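Engineer:
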Amino acid sequence: MAQLKKLINKRLGEMLEDAGFLSSEDIASALKIQKDFGGKFGEVVVREGYCTEENIIRALVNQLNAPFLDVSCCKLNEELIRKVPYGLAVASGLLPLDQMNDMVLIAITSPISSDVYNELETVLGGSLHLCVADMNQINARIEEIYTPEDKKQSAKSEADYKKGGVSANDHLSDATDETEPKADTEKEASTEEDDGMTGLGNLLLGE
Numbered sequence: 019m020a021q022l023k024k025l026i027n028k029r030l031g032e033m034l035e036d037a038g039f040l041s042s043e044d045i046a047s048a049l050k051i052q053k054d055f056g057g058k059f060g061e062v063v064v065r066e067g068y069c070t071e072e073n074i075i076r077a078l079v080n081q082l083n084a085p086f087l088d089v090s091c092c093k094l095n096e097e098l099i100r101k102v103p104y105g106l107a108v109a110s111g112l113l114p115l116d117q118m119n120d121m122v123l124i125a126i127t128s129p130i131s132s133d134v135y136n137e138l139e140t141v142l143g144g145s146l147h148l149c150v151a152d153m154n155q156i157n158a159r160i161e162e163i164y165t166p167e168d169k170k171q172s173a174k175s176e177a178d179y180k181k182g183g184v185s186a187n188d189h190l191s192d193a194t195d196e197t198e199p200k201a202d203t204e205k206e207a208s209t210e211e212d213d214g215m216t217g218l219g220n221l222l223l224g225e
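Residue numbers (my numbering): 19 to 225.
1) Taking the straight line between their C-alpha atoms, what separation do you get for aspartate 8 and arginine 29?
2) State the DSSP-derived secondary structure class of alanine 151, mapped to helix, strand or coil.
3) My assumption, with CB atoms under 8 angstroms, is that aspartate 168 sits in contact with tyrosine 104. Please give the rounded CB distance.
4) Between the alpha carbons of glutamine 171 and threonine 165, how many angstroms are there, rounded?
5) Ignore the nearest five residues each way along the sequence and tell me which others in isoleucine 99's own chain have a CB closer than 6 angstroms to its CB.
6) Go ahead and pull the three-state DSSP assignment for alanine 125.
7) For the putative contact between isoleucine 124 and glycine 111, defined by C-beta atoms under 8 angstroms, what is the C-beta separation to the nearest angstrom?
8) Quick check on proline 166: does DSSP put it in helix, strand or coil?
9) How many whole angstroms separate the CB atoms of leucine 34 and isoleucine 74, which I take to be in contact at a CB cut-off of 8 angstroms?
10) Can you give me the C-alpha to C-alpha distance between threonine 209 and tyrosine 135, rounded to a whole angstrom?
11) So what does DSSP say about serine 145, is it helix, strand or coil?
12) By DSSP, does leucine 112 sit in helix, in strand, or in coil?
13) Relative to the alpha-carbon of glycine 31, which residue among Pro85, Phe55, Glu61, Asp54 has its alpha-carbon at the smallest distance?
14) Quick check on phenylalanine 55: does DSSP put it in helix, strand or coil?
15) On a Cα-Cα basis, can you pick out the residue from Asp54, Val122, Asn157 that is closest to glutamate 139?
16) If you draw a straight line from the C-alpha of valine 227 to the C-alpha of glycine 38, how long is it?
17) Nearest CA to the CA of valine 141: which residue from Leu82, Gln117, Thr70?
18) Between which two residues does the alpha helix (DSSP H) harbouring leucine 8 extend?
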């Protein structure tokens, strides 16, 4: 676990540089663009052509030793998802997918800080098992699942979360009131749906 915490605290640019997908000059240029125009670092480097979405996925999969999961068609646990404030989900590019006992499967699109990691374990009520997902798929599912009321109740802005000044626990009640590896980037998990099941249990069980 200590090694995982060390890895998730790495910045995405550092991971991409370690993987050989970005140079230090690319990172500096992307950071300047991000500072001037906003946006997530991963989205900036892809939009500007410094690397591809596949490069990001490969770097995360290999360095976090986490599987890749296509979340575009997965049946999601909406009650679990709404435990995470909308602003945090958007800012961090993450989505909890399913829970089995005390294990929570969560899809990420970039590294998360150990502070966010710990808060998510508290908010979601279990130990996190990470998988890597496509940024566009995660963004689409976030907009699909969260209602306008969810977004309104997530009172702190996306920028607040990015600055690190907001805890996921600050809005836990707001978020829940409404509903109360080195691996290739091919799909590595089944998304079959059984009665009342999301089909993600195999990842949680490590199968």
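All residues carry an ideal CB built from backbone N, CA and C; glycine is no exception. Computed from a predicted model, the values in this text were never measured in an experiment.
Structural biologist: Let's see:
1) Nothing in the structure corresponds to residue 8, since the chain is present only between 19 and 225.
2) Looking at alanine 151 - three-state DSSP - the assignment turns out to be coil, as it is neither helix nor strand.
3) Aspartate 168 to tyrosine 104, Cβ: 5 angstroms. Contact.
4) Distance between the alpha carbons of glutamine 171 and threonine 165: 10 angstroms.
5) Within the same chain, and ignoring the five residues on either side of isoleucine 99 in sequence, the residues whose Cβ sits closer than 6 angstroms to its Cβ are Pro114, Ile163.
6) Look at alanine 125 here: in three-state DSSP terms it is strand.
7) The pair is not a contact, with the Cβ atoms about 11 angstroms apart (cut-off 8 angstroms).
8) When DSSP states are grouped into helix, strand and coil, proline 166 belongs to the helix group.
9) About 7 angstroms separates the CB atoms of leucine 34 and isoleucine 74; that is less than 8 angstroms, so the two are in contact.
10) Residue placement at threonine 209 is flagged as unreliable, the pLDDT there being 36, under the threshold of 50; a coordinate-derived value is accordingly withheld.
11) Reduced to three states, the DSSP call for serine 145 is strand.
12) Of the three classes helix, strand and coil, the one that applies to leucine 112 here is strand, per DSSP.
13) Of the candidates Pro85, Phe55, Glu61, Asp54, Glu61 places its Cα closest to the Cα of glycine 31.
14) Note: phenylalanine 55 maps to helix in three-state DSSP.
15) When only C-alpha atoms are compared, the closest one is Val122.
16) Outside the shown range of the chain, which is 19 to 225, sits residue 227, and nothing can be said about it.
17) Proximity to valine 141 across Leu82, Gln117, Thr70 peaks at Gln117, based on C-alpha coordinates.
18) Absent from the model: residue 8. The displayed extent of the chain is 19 to 225, so no value can be given.
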